[in-house]
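Numbering (the working numbering), first residue to last: 14 to 178.
Glycine included, each C-beta is placed from N, C-alpha and C at the ideal position.
All remarks here apply to the structure that follows.
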Ligand SMILES: [Zn+2]
């Protein structure tokens, strides 16, 4: 690794651990990002991160932080399983400052420069989808077990009853 490479930072979150595959050229300069979340954030609002002669330094270059607080109410009560998943998956987003989960609400504080409500909602939806998928699999397994039990019952019944004549 050369010296230049070791000082490359993700322009969105400042992390030095960048992914060289996540590259985007903006105004003739290559930028490298730590995550696709940061790349998308940069792509949709590059002026937040890179200054220009007309407007001077960007909010990010001025170390500005735009904290947003949101309450996101879910349709159903948050199960312990979903809560555990959300704690992990939301904390792994960039720019999450605080997180509090109640029975039905997600309270989240985030830096708008790094994360959007859309990122957060998408993460919640993905966690819900993961959970309902695993529940669907469980229900399906339950049904298979149930029908096999019935079959065994029937077999036992047939055997016990000596069959039908
Ligand atoms: Zn980043």
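Report whether the distance from the Cβ of residue i to the nearest heavy atom of ligand 1 is below 8 Å.
| i | result |
| --- | --- |
| residue 48 | yes |
| residue 79 | no |
| residue 74 | no |
| residue 25 | yes |
| residue 104 | no |
| residue 51 | yes |
| residue 148 | no |
| residue 127 | yes |
How would you label residue i, buried or exposed, when you count the other beta carbons within 10 angstroms and need 16 or more for buried?
| i | result |
| --- | --- |
| residue 78 | exposed |
| residue 157 | exposed |
| residue 66 | exposed |
| residue 127 | buried |
| residue 123 | buried |
| residue 119 | buried |
| residue 70 | exposed |
Nearest to residue i by alpha carbon, out of the options?
| i | options | result |
| --- | --- | --- |
| residue 98 | 22, 140, 55 and 122 | 140 |
| residue 143 | 31, 83, 59 and 95 | 95 |
Can you give me the start and stop residues for the beta strand (DSSP E) that residue i sits inside?
| i | result |
| --- | --- |
| residue 98 | Counting along the chain, residue 98 falls outside any beta strand (DSSP E), though it belongs to the alpha helix (DSSP H) covering 93-104. |
| residue 46 | 42-46 |
| residue 34 | 32-39 |
Determine the extent of the alpha helix (DSSP H) in which residue i is found, giving its start and end residues.
| i | result |
| --- | --- |
| residue 125 | Here residue 125 belongs to no alpha helix (DSSP H), and DSSP marks it neither H nor E. |
| residue 88 | No alpha helix (DSSP H) holds residue 88; DSSP gives it neither H nor E. |
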